[in-house]
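Everything on this sheet refers to the single structure shown next.
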Amino acid sequence: MNENMNAGKINENSACGKVWLAGAGPGDAGLLTVKAAHLIGNADVIVYDALISAELLSRIPQDTETIYVGKHSGNHPVPQHEINQILVREAKKGKEVLRLKGGDPFVFGRGGEELETLVSEQIPFEVVPGITSSVAVPAYAGIPVTHRDYTSSFHVITGHARKDGALSIDFDSLVRLNGTLVFLMSVSSMEKILKGLTDAGMDPDMPAAVLERGTTAGQRRVTATVGTLKAESDRVGIRTPAIIVVGKVCALADELHWAEDRPLGGRQFLLTRPRQNMSVLAGKLRDLGAQVIEMPAIHTEPISPNEPLKCALERFGQHEGGKWLVFTSPIGVNVFFDTLKEMKIDLRSVLGGTGKVRIGAIGSATADALCGYGLIPDAVPKTYSAGELGKELAEMSEPGECVLIARAEKGSPDLIPPLTEKGLYVDDIPLYCTVYEVNTLLKEEVVRMLQNGEIDAVTFTSASTVRGFVRAMGENETDYGSVRAVCIGEQTARAAAEYGMQIEISDQASMDAMAEKILELFGNRR
Numbered sequence: 131m132n133e134n135m136n137a138g139k140i141n142e143n144s145a146c147g148k149v150w151l152a153g154a155g156p157g158d159a160g161l162l163t164v165k166a167a168h169l170i171g172n173a174d175v176i177v178y179d180a181l182i183s184a185e186l187l188s189r190i191p192q193d194t195e196t197i198y199v200g201k202h203s204g205n206h207p208v209p210q211h212e213i214n215q216i217l218v219r220e221a222k223k224g225k226e227v228l229r230l231k232g233g234d235p236f237v238f239g240r241g242g243e244e245l246e247t248l249v250s251e252q253i254p255f256e257v258v259p260g261i262t263s264s265v266a267v268p269a270y271a272g273i274p275v276t277h278r279d280y281t282s283s284f285h286v287i288t289g290h291a292r293k294d295g296a297l298s299i300d301f302d303s304l305v306r307l308n309g310t311l312v313f314l315m316s317v318s319s320m321e322k323i324l325k326g327l328t329d330a331g332m333d334p335d336m337p338a339a340v341l342e343r344g345t346t347a348g349q350r351r352v353t354a355t356v357g358t359l360k361a362e363s364d365r366v367g368i369r370t371p372a373i374i375v376v377g378k379v380c381a382l383a384d385e386l387h388w389a390e391d392r393p394l395g396g397r398q399f400l401l402t403r404p405r406q407n408m409s410v411l412a413g414k415l416r417d418l419g420a421q422v423i424e425m426p427a428i429h430t431e432p433i434s435p436n437e438p439l440k441c442a443l444e445r446f447g448q449h450e451g452g453k454w455l456v457f458t459s460p461i462g463v464n465v466f467f468d469t470l471k472e473m474k475i476d477l478r479s480v481l482g483g484t485g486k487v488r489i490g491a492i493g494s495a496t497a498d499a500l501c502g503y504g505l506i507p508d509a510v511p512k513t514y515s516a517g518e519l520g521k522e523l524a525e526m527s528e529p530g531e532c533v534l535i536a537r538a539e540k541g542s543p544d545l546i547p548p549l550t551e552k553g554l555y556v557d558d559i560p561l562y563c564t565v566y567e568v569n570t571l572l573k574e575e576v577v578r579m580l581q582n583g584e585i586d587a588v589t590f591t592s593a594s595t596v597r598g599f600v601r602a603m604g605e606n607e608t609d610y611g612s613v614r615a616v617c618i619g620e621q622t623a624r625a626a627a628e629y630g631m632q633i634e635i636s637d638q639a640s641m642d643a644m645a646e647k648i649l650e651l652f653g654n655r656r
């Protein structure tokens, strides 16, 4: 881990690891602090709760050890004392442990109890505060917890009842405060809370709200009054996790709501693209208000050493006629130049020599990747497909020219026939192989979300991502007929259709076009 993250208590036992107690916020990955995000990417082991959203879980690296200690209201599969001991045990193994909690660890998160155990065991630790749901969830619902025209204070109260069902709340004092009241963990105790407030003298017409799964795509808001909130909540079936807000500021929600008004507000998408290429589309969708789960179905591994490429480059340089250097993906471009560097081959030796060298790219993303290396493609087909690229190269070439295709191990067969039919010499060289990826941490949650209709669509950018997704989910464990698949092209769509998915195809093979298609299909038209 970064040395700057290791400041804190020093343990005399240098073999001991360290614990970071961090809040993950209320669910929206955009509310994760920079420090917590860094820790998620670098911890040896992550001990996490039930309130960590799938979007946040998708940020955990595949090789990071995870321990689930989830708690729901009335259901504690791992008792608190055992969680404390898990932190001690893992730290004493010399590991850097991230204890990840929903919201803020010190706002009814029992973080203080965990630290007391660490202190008693002389385990070094740090605390990383998180954005608490008591402020963020009302904000996403258009409710400011303070407003100088309505109230100058807000108060956070646990609505969790004791084992005997009683509430340890001084309702008389709360009513006298005349501030905004935020009750966490309160849905099961809603009737008792509202009755307690009215019995203490609160006006039954006081504005109130219950906010379910705030800051996430599943966010729901019910605004009413203290006297009617329970009935309205029951009518729409509000469930946990949810919070209750009581106060005059709740009346502002109808005017100040915003989260669901974003172009893709209330929508959630699953992305299956390789992680190194996922950020562009994920960023575009998040900017439009969507919640995005990043679950790569494949990843790529460069072929190294790559003797066939070395030999092909030698033939390419010696060819005396026209020459084409062809790429079919941004990954291929990057791997090609990384491999040249590894083999200590100067680019001038590839592009120099006799014969004019031209460059072909399958689409705009691949062309952009080449431009990053100072190369502007001579051929980019209007329709981004291997078959169209092959036809365009053939039309621009004369028989006897040489074509070096640098691409994936299992590339589309549609590229080659137009070239050989024109009488071109073709070297089809694999640069990298595609490996299917299974995220066991996310699988169960994603299957549940698909079954419940919580994922609006799954995006696919190649036939390999389709097959990798099906392999990860289990071919016979998921009803793929209910999956809406947004595909980057016809070949990808054909692969999705094999599993009965509902097919949508972007107008072009680019991330901009994918985002535009998703906005067209799922955008809010308010």
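Numbering of the sequence shown is given in this note's numbering, commencing with residue 131 and proceeding in unit increments.
We put the CB at the ideal spot given by N, CA and C, even for glycine.
- Going by DSSP, VAL375 is part of the beta strand (DSSP E) stretching over 372-376.
- Using a 10 angstroms sphere on the CB of GLU243, the tally of other CB atoms stays under 16, which defines it as exposed.
- Here the C-alpha atom of SER479 lies approximately 13 Å from the C-alpha atom of MET473.
- The straight-line gap separating the alpha-carbon atoms of SER363 and PRO156 is approximately 21 Å.
- For ARG397, the closest of PHE313, ILE273, VAL600 and ASP417 by C-alpha to C-alpha distance is ASP417.
- In the structure shown, CYS146 falls within a coil segment according to DSSP collapsed to helix, strand and coil.
- For LEU400, the uninterrupted beta strand (DSSP E) segment begins and ends at 398-401.
- Residue pairing from DSSP places THR589 in a beta bridge opposite LEU401 and VAL616.
- In the structure shown, ASP279 falls within a coil segment according to DSSP collapsed to helix, strand and coil.
- In the three-state reduction of the DSSP assignment, ASP158 falls in the coil class.
- The stretch 197-282 is shown to contain whole alpha helix (DSSP H) runs of 4 or more residues at 210-222, 241-250 and 263-270, in chain order.
- For the options VAL258, VAL227 and ALA221, the alpha carbon positioned closest to that of GLU251 is the one of ALA221.
- A distance below 6 Å between beta-carbons, with the five flanking residues on each side excluded, links GLY239 to the following residues of its chain, in chain order: LYS231.
- ARG189 sits in coil when the DSSP states are folded into three classes, being neither helix nor strand.
- Segment contact: the stretch 620-636 against the stretch 594-608, three or more CB-CB distances shorter than 8 Å; contact assigned.
- Every unbroken stretch of the beta strand (DSSP E) spanning 3 or more residues and falling wholly within the stretch 488-554 is given here in chain order: 532-538.
- According to the DSSP assignment, LYS453 belongs to the beta strand (DSSP E) that extends over 453-457.
- In the DSSP annotation of this structure, the continuous segment of the beta strand (DSSP E) that includes GLN421 starts and ends at 421-424.
- Residue environment: VAL164 is assigned as exposed (fewer than 16 neighbouring CB atoms within 10 Å of its CB, all protein chains considered).
- Under the three-state reduction of DSSP output, GLN448 falls in the helix class.
- By the C-beta density criterion, TRP388 is exposed, having fewer than 16 other C-beta atoms within 10 angstroms.
- Counting along the chain, ARG306 sits inside the alpha helix (DSSP H) bounded by residues 301-307.
- Under the DSSP assignment, THR570 falls in the alpha helix (DSSP H) whose first and last residues are 570-581.
- Scanning the stretch 304-389 for uninterrupted beta strand (DSSP E) segments of 3 residues or longer gives 310-314, 337-342, 350-355 and 372-376, listed from N- to C-terminal end.
- In this chain, the alpha helix (DSSP H) harbouring GLU472 covers 460-473.
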